[in-house]
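Structure first, commentary second.
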Amino acid sequence: MVANARRRAVTAVALGAVLLVALAGASYALITRSACAERPELRVMASPDLGPALVRIARQYTQDGGCAAVQVSTRSSAEAADELGVRKDVADVWIPEASVWTDLARVEGADRTSLPPGTSIARSPVIMAVTQETATKLDAHEPSWTLLVPTAKTKKRLPKAFTTLLSPGRFASGLAALNVLNTVVADRPDMLKIVQGITVNLRRSVVPTEDALFALVDKASGGGDPVIVASEQSIWRYNAAHVDRRAVGLYPTEGTIALDYPYVSMSKDPAKRRAAEAFRRSVTSAPGRALLQAAGFRDPSGAAGPAMDSKHGVRMQPPKDIPSPDTRTTLRGLLSMRLLLADTRALLLLDVSGSMAEKVPGSKDTRMRATAEFAEEGVRTLPKGSDVGLWVFSTELDGDKDYKEVVPVGPMDERGPEVIKELGKLPGHTKGDTGLYDSVLAAFRSASQHQVKGMLSSVVVFTDGGNDDPHGISLSNLLATLQKEFDPARPVTITLIGYGQGADAKELRQIAGVTNGVAMVAQTFDQARQIFMQVIANRVCVVRERCASQQG
1 MVANARRRAV
11 TAVALGAVLL
21 VALAGASYAL
31 ITRSACAERP
41 ELRVMASPDL
51 GPALVRIARQ
61 YTQDGGCAAV
71 QVSTRSSAEA
81 ADELGVRKDV
91 ADVWIPEASV
101 WTDLARVEGA
111 DRTSLPPGTS
121 IARSPVIMAV
131 TQETATKLDA
141 HEPSWTLLVP
151 TAKTKKRLPK
161 AFTTLLSPGR
171 FASGLAALNV
181 LNTVVADRPD
191 MLKIVQGITV
201 NLRRSVVPTE
211 DALFALVDKA
221 SGGGDPVIVA
231 SEQSIWRYNA
241 AHVDRRAVGL
251 YPTEGTIALD
261 YPYVSMSKDP
271 AKRRAAEAFR
281 RSVTSAPGRA
291 LLQAAGFRDP
301 SGAAGPAMDS
311 KHGVRMQPPK
321 DIPSPDTRTT
331 LRGLLSMRLL
341 LADTRALLLL
351 DVSGSMAEKV
361 PGSKDTRMRA
371 TAEFAEEGVR
381 TLPKGSDVGL
391 WVFSTELDGD
401 KDYKEVVPVG
411 PMDERGPEVI
421 KELGKLPGHT
431 KGDTGLYDSV
441 LAAFRSASQH
451 QVKGMLSSVV
461 VFTDGGNDDP
471 HGISLSNLLA
481 TLQKEFDPAR
491 PVTITLIGYG
501 QGADAKELRQ
511 IAGVTNGVAM
521 VAQTFDQARQ
531 IFMQVIANRV
541 CVVRERCASQ
551 QG
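Just so you know, full-length UniProt numbering puts 385 at position 385 of the sequence shown, and the rest follows in order with no gaps.
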């Protein structure tokens, strides 16, 4: 009986324990259901390099009882900024590679109330990288950003060096490289001019994708010493996948600027905002930071994890920080780079007045024929993705209008041959006076109305005289109208090239200045040709000092 009593007691205790566990479980389930009464879907749009680590953090967040259903998608920060400028409901959380993209989205029309400043969740310094072979040539030298500048000293150390970076108009690392370089050489007038030249002719040194950038390292052989500029994390990631052909990160002694990965909660829905904050805490928690560090990122303070090692071509010690330019300066630099690197949409406006039939001194050609020849040469040098069109002007050329559209602006492969064909006909069709002002305004308005996103619109004017139309718009009215209609966010620049004594340099400069264009007067047709080719090649003046030197 005693044994039976003991068994009954043990059974009772066991049942009690089971009941307690069951009740505790039920209680926990009730608490969980109560805490997760809201189960919103949280759409997180992130920079592609962050994607894999965020997916792992989201998985951990769910396993730890997170209430939101987190969906991580990746999108180029530049593309996301452009889309946010025209669409509002793109994502609930946005994590671009750098804060400059949130500034751009606001400028392009994003709702400021739903796009507040973000909180940095990670950092990745922008540094240089070379092949292992190139690194051995630099062993005795402290790395410096001046390695990017083609000086005699650089060429002596690396005679086959060439610098490449991601497009500063589409990638924050490329923009950071230019900002750092300008900071480093600010007190070096000799090097500053070289850097300005690099900036203006940047197309030669940029690539459109990260794959194309690292392919230079992967495929480098005895033919050169590529020096690329990239984020530390991208170098880490490349080396994780290319153990047999590593890139060696170079940490410049001057320091660097880092990508800051701001976490921006954009939803106005209270439940989603709460979920966004809960997920942010998960991302910045110790486990979240560890997952980011394991993927080659630093935490917001610059601390790295054990995976940041020489095997991945990087180091654990953070580089010295160079302060980023202020927000306005950085954004202005980004917009300038976008203009500089954009494909051209060029409307040529050529003078066909009677004076263009005069002979060029020392030549059998008329001014018109010489102009048509260098204009044709310029059209042939336009980049493949460009658009081009042709207008002409004198007085009463098309009814009572001083101007006439000869070839509408369109793609080079279609319009280019038409423009070249029509240029060949112009020497036999010169007449009238110079209706400059009305023609410039009409061309500017046409270019403004027919802009194409992602392309730089410009009007390139050539004339051998001042305005001769007493019935047209006055200079003061032209300047006032251009100033009123010029849109800095969607600019159409007017560049004017004058020839000879008949061209009024002061007037041309005034017209160009309203649209951030350039005006130059040539005294010979050789000069006119050089100026025209320079205008076609550079298209926009990014460096203010250089613009000033070109005026005249």
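All C-beta atoms in this analysis are idealised placements derived from N, C-alpha and C, irrespective of residue type, glycine included. All values reported here derive from a predicted model rather than from experimental measurement.
Item	Value
Beta-ladder partner(s) of Gly498, from DSSP	Thr463, Val521
Counterpart residues of Ala129 in DSSP-defined beta bridges	Ile228, Gly249
Sequence-distant residues of the same chain with beta carbon closer than 8 Å to Ser394, five excluded per side	Asp351, Val352, Ser353, Gly354, Asp402, Thr430, Lys431, Gly432, Asp433, Thr434, Gly435
Length of the line joining the Cα atoms of Thr493 and Asn467	20 Å
Buried versus exposed, by CB contacts within 10 Å (16 or more), Cys67	buried
Contacting residues, own chain, Cβ-Cβ under 6 Å from Asp225 (five flanking each side not counted)	Thr134, Leu158, Lys160, Ala161
Gln317 to Pro252 span [Cα, whole Å]	13 Å
Proximal residues to Gln132 (C-beta, below 7 Å), its chain only, five neighbours per side dropped	Arg246, Val248
Straight-line gap, Glu422 to Ala372 (C-alpha atoms, nearest Å)	9 Å
Whole-angstrom distance between Ser448 and Val217, CA atom to CA atom	42 Å
According to DSSP, residues forming a beta bridge with Ile95	Ala46
Cβ-Cβ separation, Pro48 to Val264 (assumed contact under 8 Å), whole Å	No, Val264 and Pro48 are not in contact; Cβ-Cβ is about 17 Å, not under 8 Å.
Alpha helix (DSSP H) runs contained entirely in the stretch 300 to 353, provided each spans 4 or more residues	327 to 341
Straight-line gap, Gly378 to Glu485 (C-alpha atoms, nearest Å)	28 Å
Simplified DSSP state of Gly66, which is helix, strand or coil	coil
Cβ shell of Ala110 (< 6 Å), same chain only, five flanking positions each side left out	Leu84, Gly85
Where Leu292 falls: helix, strand or coil (DSSP)	helix
Residues near Ile420 in its chain [Cβ-Cβ closer than 7 Å; skip 5 each side]	Glu376, Val379
Reduced DSSP secondary structure (H/G/I, E/B, other) of Ser439	helix
Val535 - DSSP class collapsed to helix/strand/coil	helix
Alpha carbon of Leu250 to alpha carbon of Gly51, nearest angstrom	25 Å
Cβ-Cβ separation, Ser458 to Thr495 (assumed contact under 8 Å), whole Å	6 Å
Which residues DSSP lists as bridging Thr391, in chain order	A small fix is needed here, since residue 391 is Trp in this sequence, not Thr. Answer is Leu349, Glu405, bridged to Trp391.
Three-way DSSP call (helix, strand, coil) for Thr163 in this model	strand
Neighbour-count burial assignment, Thr209, 16 or more Cβ in a 10 Å radius	exposed
Neighbourhood of residue 553 by C-beta distance below 7 Å, restricted to the same chain and skipping five residues each side	No statement about residue 553 is possible, as the shown extent of the chain runs from 1 to 552 and does not include it.
Integer Cβ distance of Ala98 from Ser77, believed to fall under 8 Å	7 Å
Euclidean distance between Cα positions of Ile511 and Ser363	31 Å
Paired residues, beta bridge with Thr256 - DSSP	Asp321
Residue nearest to Gln71 in terms of C-alpha spacing, selected from Tyr61, Val44, Trp94	Val44
Identity of the residue in Ser234, Val360, Asp504 nearest Phe525 by Cα	Val360
Reduced DSSP category for Pro204 - H, G, I as helix; E, B as strand; rest coil	It is Arg, not Pro, that sits at residue 204 in the sequence shown. Helix, per DSSP.
Same chain only: Cβ atoms within 6 Å of Gly288, ignoring 5 sequence neighbours per side	Ile57, Ser282
Counted within 10 angstroms of its Cβ, other Cβ atoms place Asn239 as buried (16 or more) or exposed	buried
Per-residue burial, Ala286 [other beta carbons within 10 Å of its own, 16 or more giving buried]	exposed
Unbroken beta strand (DSSP E) run spanning Val360, endpoints	Neither: Val360 is in no beta strand (DSSP E) and is coded neither H nor E.
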